[in-house]
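Okay, so the sequence shown: first residue is 428 according to the numbering used here, each after it adds one.
We put the beta carbon where it would ideally sit given N, CA and C, even for glycine.
Working notes, beginning with the structure itself.
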Amino acid sequence: MRMSPPSLPRRTAAEFIGTAALVAVIVGSGIRADSLSQDIGVRLLANAAASAVGLGLLIALIGPLSGAHFNPVVTLSEWWSRRHERGGREALAYIGAQVAGAVAGALLAEAMFGRAPGAWATEPRSALHLLLGEAVATAGLVLVVQGLRRIGRPGLAPVAVAGYIGAAIWFTSSGSFANPAATFGRAFSDSFTGIAPGSVPSYAAAQILGMVIGLGLAGVLYGTVREAGEPKSADPRRTE
Numbered sequence: 428m429r430m431s432p433p434s435l436p437r438r439t440a441a442e443f444i445g446t447a448a449l450v451a452v453i454v455g456s457g458i459r460a461d462s463l464s465q466d467i468g469v470r471l472l473a474n475a476a477a478s479a480v481g482l483g484l485l486i487a488l489i490g491p492l493s494g495a496h497f498n499p500v501v502t503l504s505e506w507w508s509r510r511h512e513r514g515g516r517e518a519l520a521y522i523g524a525q526v527a528g529a530v531a532g533a534l535l536a537e538a539m540f541g542r543a544p545g546a547w548a549t550e551p552r553s554a555l556h557l558l559l560g561e562a563v564a565t566a567g568l569v570l571v572v573q574g575l576r577r578i579g580r581p582g583l584a585p586v587a588v589a590g591y592i593g594a595a596i597w598f599t600s601s602g603s604f605a606n607p608a609a610t611f612g613r614a615f616s617d618s619f620t621g622i623a624p625g626s627v628p629s630y631a632a633a634q635i636l637g638m639v640i641g642l643g644l645a646g647v648l649y650g651t652v653r654e655a656g657e658p659k660s661a662d663p664r665r666t667e
């Protein structure tokens, strides 16, 4: 007997909670690493490890409820690949929840470490090579998510997506934010993982470009969703 899919309000709440938890892990581990070591390599390693583990656990926990997007580019790419099957109401609800959750997560991390919540980040990240890194990081993320679904192996997402992000934090010049909502939230933390508000629009633009590139690569490699022969069971929210 197949269980009824969660309602949209419950799925939206899952996206809010999951995104808040993810950003709290990213920002909190950055604050902790910054207080424990002055070595940038050690700080990056600690932040990357905590972010990857936290992301994998959250995908495993929240995935059966909402798909565990936690990221507007994931939501938009999923909507685009299935735009003939569903409207945009869910996507809009998810993106609103993700942005609000990201801000809440950053403020929570600041409060947990006894810092005054709400201080704007001061680290500028607008150099061209950083924007190229963001486009590459986001394209790879979208390709991983789309590829897993199109080959019928979405159950590998907790390991594959977390592993990719952990690696991309190291191999991209930008540190692989790869998430417009998290980027906006991280502007509320003047810490190791923060980004100055003035750099947020350019990062978000690079991420959207990366999403388009990732969708294009998925199409080249796997064809359209229909051509890829996606199993109906790939999305736990589908009822047909």
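- For Ala-451, the closest of Leu-535, Gln-634 and Val-588 by C-alpha to C-alpha distance is Leu-535.
- Annotated three-state conformation of Ser-629 is helix, per DSSP.
- Considered as a whole, the stretch 551 to 636 harbours 555 to 577, 584 to 598 and 607 to 613 as its complete alpha helix (DSSP H) runs of no fewer than 4 residues, in chain order.
- Taking each of Ala-476, Thr-439 and Arg-438 in turn and checking the Cα distance to Gly-455, the smallest one comes out for Ala-476.
- Judged by DSSP in its simplified three-state form, Asp-461 adopts helix.
- Here Arg-613 has Val-450, Ile-453, Val-454, Ala-529, Ala-533, Ala-548, Phe-604, Thr-620, Gly-621 and Ile-622 as same chain residues with Cβ atoms under 8 Å from its own Cβ, once five neighbours each way along the sequence are excluded.
- By the Cβ rule, the stretch 493 to 503 counts as touching the stretch 516 to 528, because three or more pairs are nearer than 8 Å.
- The alpha-carbon separation between Ala-543 and Ile-458 amounts to approximately 13 Å.
- For Ala-475, the uninterrupted alpha helix (DSSP H) run begins and ends at 467 to 493, by DSSP.
- With respect to Val-569, Gly-650 sits apart: the two C-beta atoms are not nearer than 8 Å.
- Leaving aside the five residues that flank Tyr-591 on each side, the residues in its chain whose CB is nearer than 7 Å to its CB run, in chain order, Gly-567, Leu-568 and Val-571.
- In the DSSP assignment, Ala-546 falls outside any alpha helix (DSSP H), carrying neither H nor E.
- When DSSP states are grouped into helix, strand and coil, Glu-517 belongs to the helix group.
- Secondary structure note for Glu-505: its alpha helix (DSSP H) is the uninterrupted segment 499 to 508.
- For Ser-616, the closest C-alpha among the options Ala-495, Glu-550, Ala-594 and Leu-558 is that of Glu-550.
- Selection Thr-599, Val-588 and Gly-643 evaluated against Leu-484 yields Val-588 as nearest (Cα-Cα).
- The residue among Asp-466, Ser-504, Leu-558 and Arg-516 with its C-alpha nearest the C-alpha of Arg-438 is Arg-516.
- Scanning Ala-631, Ser-504, Ala-546 and Leu-644 for the CA closest to the CA of Ser-553 turns up Ala-631.
- Look at Ser-456 here: in three-state DSSP terms it is helix.
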